[in-house]
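Protein chains in written order, with our numbering: chain G, 17 to 341; chain Y, 166 to 496.
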Amino acid sequence: MTAEQFGAQLGDLLVCGGTLVDETGEWRGDVLVRKGRIEAVSREDSLTAPPGATILDAGGCIVSPGLVDLHAHLREPGGEIAETVESGSRAAALGGYTAVVAMPNTEPAIDSGAIARDVLALGDKALAEIAVAGAITVGRRGERLVPMAELAELGVRLFTDDGRGVQNGGLMRRALEYASGLGVVLAEHCEDTQLAAGGHMNEGAWSSRLGIAGQPALAEEAMLARDIALVRLTGAPMHFLHLSTAGSLEMVRAAKSEGLPVTAEVTPHHLALSDAAVQGYDPVYKVNPPLRTVSDVLALRAGLASGVIDAIATDHAPHAPERKE
Amino acid sequence: MTVPAGGEPGGGEPAKERHRHLLSVSELGAEGIEEVLRVSDAFVEVGRRAIPKVPALRGRTVATVFMEPSTRTRLSFETAAKRLSADTMTFTAATSATVKGESLRDTVETIDAMGIDAMVIRHHASGAPLRVTDWVKASVINAGDGTHEHPTQALLDCYTILETLTKRREGEAPADLSGLRIAIVGDIKHSRVARSDVLAFSALGAEVVLVAPPTLMPASLEGWPVTATGDFDAALGELDIVYLLRIQAERLGEILLPSLDEYHWRYGLTRARAAALKKDALIMHPGPMIRGVEIAPDVADLPASLVTRQVKNGVLVRMAVLFHLLGSGEI
């Protein structure tokens, strides 16, 4: 449905009394929507509702442009027990998100035109705009490239093997070269699986004490360093998913000041929680990348404030409760 | 917004109801350890009786839930429970619904629903017994969780050391382990015994040295009351007790060791190393012992070796733990 069709169905709408937020700050004001378009926004005063308009009292609510989630797992196809495009879009809308990137680590992976078309079609009926990301390699196995041009033709703009990093540096180089000129961006889940060594949490004082196999910060940083060098070599843009360490942040800062076309995101949980949260062994705190140390958390917050981090992305990744216990 | 740091790594586990469960040595503290050891001592006399049994836990039921193969610890707990006249139930992963895909939660809730008083849990995942305390009404006893802790092993180790020192001093029991230098040698990184022993030995005043190649040391020793070294030979002459850990062959595949022979050469307690120890130094091992890897075949049988005492005392200390958690009044 287009915004015009939706607007015609909705009629006029006055959203009043909310706290308006955009990149310029926050203020109290009203928003008037007519025919699916924002017609007026007031600052610290009120708008008058046109006759017949629906009036929505937004007192105590935040009114903002629709949020965009660069990173969500909608689990379709293959993981419908945990989430579907439809249920994920409902969750997104409830949280104020109007556009969501659906990650391709589904079963099967989004690695062909046929599967991408299926998910795009599901997106058409969803409550938020769904941008479909494609895998970089067939089956996310890190061996052969997906038909990137065909997927780009269908509207896929982001490619990633998310859930797993591309371990083969030679392959990642060719992927970046091949992607050049297609108008697409490759995104990396930075994790060297050999260095990560199957660790379930951040390697450090807490993992040692709790007797849980650790995953060192280096597992993320080593792959990030390689990828930044590949961006320098190929000139292709790259986006770094869910960065979690102070060292990663410093590398992205340096890459940006060098003028390399890189962007980076961080998740809300890596901004809010440290690896101390794992001490009760509650598996809800078992996430990948793992929760890091307090000093990593503070560095990420500073990086977000300074603009080194471009976006907060949720990494919304539903698992059925029985799979977590 | 501040980061909820949740305390420091050295600060111990979150406080659960004290003395209802036994999950970690850290929740006992020196006082709790000493209390368990005192009760263990009281059970020595019971062991000497013609019928080595007391009615202390008559009518109580103790279930052993072993999700990882282990015979000695399970038998030790079951013997302890039987000597206290408790009824026992055994659940082992190999013969149970676990192989049919039942979750740990469903398994322990089912066993709990049968009306038991204590559940003794061995599990391959660190933290599993702590999770179980949220799901069951029974007292939970950690009989070894992953690479986290094995508190009753540490208690029986402390008991064995104190028992041996008492004998040496012709019956005069030392107050604690202060003045002793204890080396724990081997795969510290993956050892639940080491984690519990470090806490118990240091709580009782001993000085603990960890000895291992860097690949078998924990990534961080922040907050651990220990010193660490990779040079076993340099440490030998100062030690009162050498506590050896088992080396598992799978560490070779994980590229943590080049070979078991090389381990034996650098860290095995050979005849020569045993001879370089102080004259009255003691040798301990939690079992199962691999002769020829962490210990030379004949060294394991020297009079200095307390390995058999450790096994024997395991029953006493586990009786004390069960009594401590479930019993009331007189023994």
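Glycine included, every Cβ here is placed at the ideal spot set by N, Cα and C.
Residue j beta carbon less than 8 angstroms from that of residue i
i	j	result
Y/R436	Y/D466	no
G/A144	G/A109	yes
Y/L471	Y/P316	no
G/T330	G/D85	yes
Y/T272	Y/T255	no
Y/A293	Y/D277	no
G/A147	G/F175	no
G/S62	G/C32	yes
G/A321	G/H255	no
G/L198	G/A233	no
G/E338	Y/S268	yes
G/L316	G/H285	no
G/P305	G/H258	yes
G/V200	G/A168	yes
Assumed close pair residue i, residue j - CB separation to whole angstroms, cut-off 8 angstroms
i	j	result
Y/D352	Y/A377	7 angstroms
G/A151	G/V135	Not confirmed; about 12 angstroms, so no contact.
Y/V201	Y/H489	6 angstroms
Y/T329	Y/S356	Not confirmed; about 22 angstroms, so no contact.
Y/D206	Y/L491	Not quite, the Cβ-Cβ distance comes to about 19 angstroms (not below 8 angstroms), so this is no contact.
G/A349	G/I97	No statement about residue 349 of chain G is possible, as the shown extent of chain G runs from 17 to 341 and does not include it.
Y/A446	Y/V407	6 angstroms
Y/E233	Y/A258	7 angstroms
Residue range of the alpha helix (DSSP H) that includes residue i
i	result
Y/N478	472-491
G/A195	185-195
G/W222	221-226
G/E266	262-273
Y/R333	316-333
G/Q213	The residue asked about is misnamed: residue 213 of chain G is Ala in this sequence, not Gln. First-last for G/A213: undefined, no H or E at that position.
Y/W430	425-432
Y/R411	Looking at the DSSP string, Y/R411 is not in any alpha helix (DSSP H), and its letter there is neither H nor E.
G/V101	101-110
G/A118	Per DSSP, G/A118 belongs to no alpha helix (DSSP H); it is in the beta strand (DSSP E), 113-118.
Y/A440	436-441
Y/V304	Checking the sequence, you will find Ser at residue 304 of chain Y rather than Val. No alpha helix (DSSP H) contains Y/S304, which is instead part of the beta strand (DSSP E) from 304-310.
Y/V297	293-298
Y/R239	237-248
G/D140	129-140
Y/T509	The question about residue 509 of chain Y has no answer here: the residues shown for chain Y are numbered 166 through 496.
Beta carbon proximity, residue i to chain Y, threshold 8 angstroms
i	result
G/A336	no
G/G220	yes
G/R225	yes
G/I16	As shown, chain G starts at 17 and ends at 341. That puts residue 16 of chain G outside it, with no answer to give.
G/G296	yes
G/I228	yes
C-beta neighbour in chain G for residue i, strict 8 angstroms
i	result
Y/R498	The question about residue 498 of chain Y has no answer here: the residues shown for chain Y are numbered 166 through 496.
Y/G388	yes
Y/A368	no
Y/S268	yes
Y/A400	no
Y/A278	no
Y/G311	yes
Y/P504	Here chain Y comprises residues numbered 166 to 496, so residue 504 of chain Y is not present and cannot be evaluated.
Y/L295	yes
Y/R416	no
Y/G292	yes
Y/R360	yes
Y/V350	no
Y/R357	yes
Y/P179	Summary for Y/P179: the model assigns pLDDT 47, below 50, so the residue's position carries little reliability, and this model does not support an answer.
CB contact check: residue i to chain A, cutoff 8 angstroms
i	result
G/G45	In the structure shown, chain A cannot be found, because the protein chains are G and Y.
Residue interval of the beta strand (DSSP E) (run including residue i)
i	result
Y/E196	Here Y/E196 belongs to no beta strand (DSSP E); instead the alpha helix (DSSP H) covers 194-213.
G/D73	70-73
Y/R346	346-350
G/E281	278-282
Legend entry - Meets three-Cβ-pair contact criterion under 8 angstroms: the region 383-402 of chain Y and the region 213-230 of chain Y: no
Inset, instruction - Pair every Cβ in the region 411-426 of chain Y with every Cβ in the region 362-369 of chain Y, then say whether three or more of these pairs are closer than 8 angstroms. - result: no
Inset, instruction - Would you be able to state if there are at least three C-beta pairs under 8 angstroms between the region 213-233 of chain G and the region 289-306 of chain G? - result: yes
Inset, instruction - Would you check if there are 3 or more beta carbon pairs closer than 8 angstroms linking the region 118-132 of chain G to the region 73-81 of chain G? - result: no
Inset, instruction - Answer yes if the region 397-412 of chain Y comes into contact with the region 448-461 of chain Y, meaning at least three C-beta pairs across the two stretches below 8 angstroms, and no otherwise. - result: Yes, the region 448-461 of chain Y is in contact with the region 397-412 of chain Y.
Inset, instruction - Please determine if the region 324-332 of chain Y and the region 381-395 of chain Y are in contact, where contact requires at least 3 C-beta pairs separated by less than 8 angstroms. - result: no
Inset, instruction - Report yes or no: do three or more beta-carbon pairs, one from the region 124-141 of chain G and one from the region 189-201 of chain Y, lie closer than 8 angstroms? - result: no
Inset, instruction - Report yes or no: do the region 90-98 of chain G and the region 35-46 of chain G share at least 3 C-beta pairs separated by less than 8 angstroms? - result: no
Legend entry - the region 20-34 of chain G touching the region 58-72 of chain G, judged by at least three CB pairs closer than 8 angstroms: yes
Legend entry - Contact between the region 202-209 of chain G and the region 175-184 of chain G (3+ Cβ pairs under 8 angstroms): Short answer: they touch.
Inset, instruction - Inspect the CB distances between the region 296-311 of chain G and the region 269-282 of chain G and report whether three or more fall short of 8 angstroms. - result: No: the two stretches stay apart, fewer than three of their Cβ pairs being nearer than 8 angstroms.
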